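**Q** In mature numbering (1 follows the signal peptide of the UniProt record, and there is no 0), the protein residues as written are -21 to -1, 1 to 1164.
Here it is: the structure, laid out below.
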């Protein structure tokens, strides 16, 4: 008997947390900020001041102004920030206080603080390095002034006190030549090496034996180099890779490689002499190496025997090469021992790598083979990827995190500052005995923080416990003038009580041959203790927990609460089992769980429902569990920093599986059923047999003759089991696309259920028994309908069971039959309109003047309709239409025919699997007539004529008609003296029409097919040829030929013909006769006009219009002006006197009130008298007189 099988260990639900709940707390980070224009946060470093026992945050602001360099524009600086709740309590470090000597140096925009590092690995009171790679040396003045960005670094003591070591590594090595050291840009990157043992006696070193490694990417025209200098002030021992001694050329490093963009240092190999280990390698990233493929170069110092090394060289080792063009391979590097084997491994960032999945960025992990040689170029790297697509820049920054979860392995932080549209993210990867776990244990997304920021992770620093809870924290730079410290929470690992079990197990039944299976026949469990008659089959489950914390690390509570949820039969639509709460779920809390073997456990009974049919499929039980706790309150500015000791997180090892981390853990097991009648081995060997026959069709050459009353096929299937019970026996039925399932009926009154497959709707599944016992027989009758015809109709049956079968193969049967269906095809036709009127235009024009279709004549539509009214599908129909497009030739009048029905378009509507229509060029608008009426219709200028209705333009207009004019849609018969002319396609001599052929082919016709031919009656042709009273009959003819078909399909007829007639009627303009007006109306009008004239004359007379004046009345009166003495009556103001003929009148002209008095010298008076010549005036006053 096989024991109960449980799923492996613990695994996760499908629900991911947005910001992983591993131990870096993202709810309440420590935030420091300044204005964004300072670039505060471009570089960061954690630092421990030993004398003060204080942890501080060092944050570079390479574009800030410095209080110690007044007058220098944005030299850059570094701030020290306490671990506090305030955002504005950072202080500027005092290290560069000398005003620049403008004749020899330039500190403006020197980017000081662009690279900073703190020694956290040596175990000594570590120093701090601060670099500005844009520091420039100066020579000359005016037009001859030269500047070269050589770079400069400051090395500060642990407490920032005492002497400050100021170095410009290439300040005295050459001039301003870019091919040399003029553009060195020393300090582009900077790191401290681990602590190392002094060399032989002839090496004199300071006790502080730590190297400082600088990147100098501008040396030798951007070839770059790696520069190593002692942490002590023994500057003479500085070494670097030189071009002059082919140290760079040996590795293929040349111009544009930018070696030194990033640097690191670590122990990768054994290199000993006299028992002294010099196994350090000095490593530089070169993203421009090999035409931007990228590389990482390894260098080492001289062997101890070469004690002097007068050339101060770093010797070349080997180079690691990238794999993708312009991926920036080598833009970040980090030495880190991930598997704790005593040798460093290497992480290399390629932030612009793009994979086939579109994700941006990669980090290559080179695991040291630990053979003492350190040849990582012989190692196949592990490639880590982020989860975001696009320009995430995953790998732009790397940081050593220390041991975050207490498992004894170093962990790695990776920045992706442009993920999520520039918000940024940070990934945490865990070290392990095999090197690294490739799925992130935690992802901190800026977009999920309470206050999202830009470019989170542009700089990283980790490895130190900044808040005193024995867990390392992470400092991150942000691209908008901020730095954020994410503090770590304690870690606990939830486990079951028994080391070899799972948190959820099935309790063994004592004295049972199958203690880990549920036996449906063994009903021994009471749901209600007071009701002994109600018993069920059941199993007993146990849930147990304890936890382990990290030894020697602080953790506040000694006990924790664990909340969990049990769910049984999780994959079933209708659960087959239930707990004593009559539900298949339970949610409870196990309180005060203690560490170690002093945890807690609880048992539950799981009951099987009565009369359950599925007794084969295992019952899956899932357990979800998590820590039940409330997080501490968020901090406020100026308050104490909240403690995280009482807020533990789950161990990332137990919560990481299949690349996903969950806030809730999960364990599960499967409960199998005990199979009765299958022996002690519980292996059921069934022997199934099946017969399938037609019920309503002959067995030999079965044919279904489809009609309106008969479309179904009945099939009888008999299934028999001659062996051991066949559990979960199912009959599967699949059928052709032309069939539909109707019903399934049991002919032996068994309860059988059938349903369509959820994935394939043309497959039916019927449950025959669970189990189908020995010698049991099931007979089913299936009914299917013939939906439409296909080439072959088939029904396939197959038996299936979870038990094994003695024949090794499942019974299978295929039934085929033929369908005979009759198709009834008709061909109809119609003309719209049935009657047309043609008319004589004011001017006859030739075909070359026909620009628009309305110029031709009235529109007419001939529609041929192909109908299939039968049950079957018409496989093929060929339609031939003879179209009267011209009149016949008349040698006495013209050498060729004249246009008759000019085709503009042919449209097809309906449904068939294939349809084509071919017509000769003569029926394909050879004159390129445009649609529409155009401007200047030569046919219908005079609206006194009848307007021809144009069906082709999709609109109908009403024009005035005479009362006796017949409408186009009304039937009209020949009047006396009129003649009927025929223009047909019948081929008879009297049918004077020339016809062309349109051929259409249709296949598998299911619905009506319509062929609509839009044409224009050529008005000029009928006026010239049939300008006499009468009617012209114009006919097109159609003929359809039906495929005779195979023997399985019959057709009503093979050939059908149809004609469509349009009657054209001459419409002449009749002279309109205007009838006379009655005489009495004219008389009344004249009398009324005379009366109106008389009244008008009377009114004018009363107004004096007819009076005449005397002669003098019409004579003009003339005046002349004479000067008179001044009048000072008004204080010197001017006065004028005007004399008029007749009764003399004198007018005194007064000035306006309030006007300024005018001196007398400017005032003159004139006297106007009658006389003189007309229109002769005297002189007028002059202001200048």
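Beta carbons are placed, not taken as given, at the ideal position from N, Cα and C, and that holds for glycine.
Predicted, not measured: the structure shown is a model, and the values here were computed from it.
Beta-carbon within less than 6 Å of residue 653's beta-carbon, same chain only, minus the 5 sequence neighbours each way: which residues are those?
**A** Once the five neighbours on either side are set aside, the close Cβ partners of residue 653 are 493, 496, 498.
**Q** Counting Cβ pairs, one atom from each stretch, are 3 or more of them under 8 Å apart for the region 711 to 720 and the region 544 to 562?
**A** Counting Cβ pairs under 8 Å, fewer than three are found: no touch.
**Q** Helix, strand or coil: which one does DSSP assign to residue 915?
**A** With a pLDDT of 43 at residue 915, under the threshold of 50, the predicted position of this residue should be treated as unreliable, though the coordinate-derived value follows. Residue state, collapsed to three classes: coil.
**Q** Apart from the five residues on each side of it in sequence, which residues of its chain come closer than 7 Å, Cβ to Cβ, to residue 70?
**A** Contacts found: 58, 59.
**Q** Taking 6 Å as the limit between beta carbons, can you name the residues of its chain near residue -16, skipping five residues before and five after?
**A** Any answer about residue -16 is weak, because its pLDDT of 30 lies below 50 and its placement is not dependable; what the coordinates show is given next. Contacts found: 481, 648.
**Q** State buried or exposed for residue 240, treating a residue as buried only when at least 16 other CB atoms are found within 10 Å of its CB.
**A** So residue 240 ends up on the buried side.
**Q** Measuring CB atoms only, is the region 45 to 53 touching the region 75 to 89, in the sense that at least three cross pairs come out at less than 8 Å?
**A** The region 45 to 53 is in contact with the region 75 to 89.
**Q** Would you report the Cα separation of residue 114 and residue 296, rounded to the nearest angstrom?
**A** Roughly 31 Å between the two C-alpha positions.
**Q** State buried or exposed for residue 1073, treating a residue as buried only when at least 16 other CB atoms are found within 10 Å of its CB.
**A** Label assigned to residue 1073: exposed.
**Q** Nearest to residue 390 by CA position, among 350, 302, 314, 702, is which residue?
**A** The option with the nearest alpha carbon to residue 390 is 314.
**Q** Within 10 angstroms of the Cβ of residue 1080, are there 16 or more other Cβ atoms? Answer buried if so, exposed if not.
**A** It counts as exposed.
**Q** Which runs of the alpha helix (DSSP H) spanning at least 4 residues fall entirely within the region 766 to 814, listed in chain order?
**A** Counting only runs of 4 or more, we get nothing.
**Q** So within the region 89 to 155, which uninterrupted beta strand (DSSP E) runs reach at least 3 residues, ignoring any that extend past its ends?
**A** Entirely contained in the region 89 to 155, the beta strand (DSSP E) runs reaching 3 residues are, in chain order, 94 to 97, 107 to 111, 115 to 118, 125 to 128, 131 to 135, 144 to 146.
**Q** Below 8 Å on the Cβ atoms is my contact criterion, and I expect residue 13 with residue 460 to pass it. Report the Cβ-Cβ distance as a whole number of Å.
**A** Contact flag correct, Cβ pair sits at about 5 Å.
**Q** Fully enclosed by the region 453 to 527, which beta strand (DSSP E) runs are 3 residues long or longer?
**A** Runs of the beta strand (DSSP E) inside the region 453 to 527: 453 to 457, 461 to 465, 470 to 474, 483 to 485.
**Q** With a cut-off of 8 Å, do at least 3 Cβ pairs link the region 575 to 582 to the region 522 to 529?
**A** A contact exists between the region 575 to 582 and the region 522 to 529.
**Q** Do you know offhand how far residue 1237's Cα is from residue 63's?
**A** Only positions -21 to 1164 of the chain appear in this structure, which leaves residue 1237 out of reach.
**Q** Chain D beta carbons: is any one of them nearer than 8 Å to that of residue 990?
**A** The structure shown has no chain D; it contains just one protein chain.
**Q** Going by alpha carbons, who is nearest to residue 146 out of 136, 166, 137, 138?
**A** Of the listed residues, the one whose Cα sits closest to residue 146 is 166.
**Q** Which residues in the same chain as residue 1167 place their Cβ atom closer than 8 Å to its Cβ, once the five residues preceding and following it in sequence are excluded?
**A** Given a span of -21 to 1164 for the chain in the structure shown, any question on residue 1167 remains unanswerable.
**Q** In the DSSP assignment, find the unbroken beta strand (DSSP E) run with residue 191 in it and report its ends.
**A** Segment 190 to 195, the beta strand (DSSP E) holding residue 191.
**Q** Have a look at the DSSP bridge pairing and note the partners of residue 888.
**A** Paired residues: 989.
**Q** Could you give the distance in angstroms between the alpha-carbon of residue 378 and the alpha-carbon of residue 596?
**A** If I take the Cα positions, the gap works out to 50 Å.
**Q** Could you check the C-alpha separation between residue 304 and residue 365 for me, to the nearest Å?
**A** The straight-line gap from Cα to Cα measures roughly 19 Å.
**Q** If residue 759 and residue 696 are in contact, beta carbons under 8 Å, what's the gap, nearest whole angstrom?
**A** Residue 759 to residue 696, Cβ: 5 Å. Contact.
**Q** Alpha carbon to alpha carbon, what distance is there between residue 262 and residue 201?
**A** Cα to Cα, residue 201 sits roughly 17 Å from residue 262.
**Q** Can you list, in chain order, the residues of its chain whose CB lies under 8 Å from that of residue 1166, leaving out five sequence neighbours each side?
**A** In the structure displayed, the chain extends from -21 to 1164; residue 1166 sits before or after that span and is not available.
**Q** Starting from residue 400 and walking both ways along the alpha helix (DSSP H), at which residues does that stretch end?
**A** Unbroken alpha helix (DSSP H) run through residue 400: 398 to 401.
**Q** Tell me which residues share the same chain as residue 229 and place their Cβ nearer than 7 Å to its Cβ, disregarding the 5 neighbours each side in the sequence.
**A** So the qualifying residues of the chain are 295.
**Q** Let me check one thing: in DSSP terms, what residues is residue 1009 bridge-paired to?
**A** DSSP output for residue 1009 lists 958 as bridge partner(s).
**Q** Do you know whose CA, among 247, 386, 415, 417, lies nearest residue 350's CA?
**A** Among 247, 386, 415, 417, the Cα nearest to that of residue 350 belongs to 247.
**Q** Leaving out the 5 sequence neighbours to the left and right, which residues in its chain are closer than 6 Å to residue 168 when beta-carbon positions are compared?
**A** If we look at residue 168 and ignore the five residues flanking it on each side, its Cβ neighbours are 94, 194, 241, 242.
**Q** Note down the Cα distance separating residue 275 from residue 434, rounded to an integer number of angstroms.
**A** Near 26 Å, if we compare the C-alpha coordinates of residue 434 and residue 275.
**Q** Helix, strand or coil: how does DSSP classify residue 924 here?
**A** With a pLDDT of 30 at residue 924, under the threshold of 50, the modelled position of this residue cannot be trusted; read the value that follows with caution. Of the three classes helix, strand and coil, the one that applies to residue 924 here is coil, per DSSP.
**Q** Who are the Cβ neighbours of residue 1041 in its own chain at under 7 Å, not counting the five residues just before and after it?
**A** If we look at residue 1041 and ignore the five residues flanking it on each side, its Cβ neighbours are 810, 813, 815, 839, 1013.
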